[in-house]
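*Asks:* My numbering numbers the first residue of the sequence shown as 4 and each following residue consecutively.
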Amino acid sequence: MDDLTKRIQARLIERGYDPGPADGIWGRRTIAAVRGFQRDQLLAADGVVGPQTRARLFGSASLPSPDHLPWMAEARRLMGTREVPGPGSNPMIEDWAKGLGIPYRGDDVPWCGLFVAHCVGATLPDEVLPAHPLGARNWSRFGTACEPGLGSILVFWRESRASGKGHVGFYAGEDAAGLYVLGGNQSDAVNIKRLPRSQCLGARWPASAPGSKPRIVRMTLPGGGFETALA
């Protein structure tokens with residue numbers, strides 16, 4: 004559950020719009036309600052709560068943080084999701100693929116790209132996803148290039164730069180040598196892991212999202228080592 008999304012939903016309800024229950028989940032009904040509000044306010048009806056929409060929606064009330072990144076809120080909501088060991092698959096992970104129309108035979112197939120595709124596709128319905136989003140390195144051509152910062156999509160090489168193998172996830176923070184990645188298929192689960200900055204191939208930003216510069220977040224995790232259980 005995302006408190007900022009709940010505030011936006013509650014405000015939409017107060018203003019006479021129907022985002023569904025104020026449950027903190029940024030879904031299709033919330034996006035439709037935001038678009039309806041934007042149309043009535045003669046704003047671009049993109050379903051994204053950027054600075055102008057925030058100002059019109061909340062007026063003189065205390066405005067939510069400009070860091071409202073619905074794809075990142077969805078990623079945080081899903082932390083702790085795990086694949087099913089052995090035969091069988093987690094039906095939630097399979098549903099992500101079904102919702103996007105992506106052929107997917109089960110969670111024994113690397114799903115870091117599927118996790119990113121779900122978080123972006125479910126919250127930014129106008130965003131164009133990579134042609135083959137299961138391939139981690141295909142995200143190198145997604146959206147627009149940016150510097151690593153909160154909510155940006157980070158693409159890494161795996162094994163070697165020339166291997167063609169990779170990993171993709173969302174920037175959650177950084178330290179001098181590492182980038183903290185909120186991603187799927189990290190030790191078979193959705194969590195935050197520290198990856199070497201030297202293996203990052205680049206950062207990308209959704210083209211349909213507000214274009215403000217992503218915020219740098221300094222953080223540390225216990226242990227201090229780098230994650231190696233990626234696929």
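Ideal Cβ placement from N, Cα and C applies to all residues, glycine included. Since the structure is predicted, the reported quantities are computational estimates derived from the model, not experimental observations.
For the structure I just gave you, are there three or more beta carbon pairs, one from the segment 41-60 and one from the segment 174-193, closer than 8 Å?
*Replies:* Touching, no.
*Asks:* Shorter than 6 Å, the distance from the beta carbon of residue 167 to the closest heavy atom of the ligand MN, or not?
*Replies:* In terms of ligand content, the structure shown is empty, and the ligand MN therefore cannot be addressed.
*Asks:* Alpha helix (DSSP H) containing residue 121: first to last residue?
*Replies:* For the purposes of this step, residue 121 is taken as residue 118 along the sequence shown, with counting starting at 1. Element bounds for residue 121: 115-126.
*Asks:* If you reduce the DSSP assignment to three classes, tell me which class residue 199 lands in.
*Replies:* The residue labelled residue 199 in the question sits at position 196 within the sequence shown. The answer is strand: DSSP assigns residue 199 an E or B state.
*Asks:* What residues in its chain sit with their C-beta under 6 Å from that of residue 219, if we drop five residues either side in the sequence?
*Replies:* As a working mapping, residue 219 is identified with position 216 in the sequence shown. So the qualifying residues of the chain are 152.
*Asks:* Check whether the Cβ atoms of residue 195 and residue 185 lie closer than 7 Å to each other.
*Replies:* Looking up residue 195 in the sequence shown gives position 192. Looking up residue 185 in the sequence shown gives position 182. Result yes, Cβ atoms of residue 195 and residue 185 sit closer than 7 Å.
*Asks:* Three-state secondary structure (DSSP) at residue 207?
*Replies:* As a first step, residue 207 must be located in the sequence shown, where it is residue number 204. Correct three-state label for residue 207: strand.
*Asks:* What does the Cβ neighbour count give for residue 177, buried or exposed, with the cut at 16 atoms within 10 Å?
*Replies:* Taking the first residue of the sequence shown as position 1, residue 177 is located at position 174. Burial call: buried.
*Asks:* Let me check understanding here. Comparing Cα to Cα, which of 143, 104, 22, 6 lies closest to residue 155?
*Replies:* In the sequence shown, residue 155 corresponds to position 152, counting from 1. Among 143, 104, 22, 6, the Cα nearest to that of residue 155 is on 143.
*Asks:* Which of the three DSSP states, helix, strand or coil, is assigned to residue 193?
*Replies:* Translated into the one-based positions of the sequence shown, residue 193 becomes position 190. Three-state DSSP puts residue 193 in a strand.
*Asks:* List the DSSP bridge partners of residue 147.
*Replies:* Against the sequence shown, residue 147 aligns to sequence position 144. 208, per the DSSP bridge assignment.
*Asks:* Ignore the nearest five residues each way along the sequence and tell me which others in residue 71's own chain have a CB closer than 6 Å to its CB.
*Replies:* Taking the sequence shown and counting its residues from 1, one reaches residue 71 at position 68. So the qualifying residues of the chain are 7, 52.
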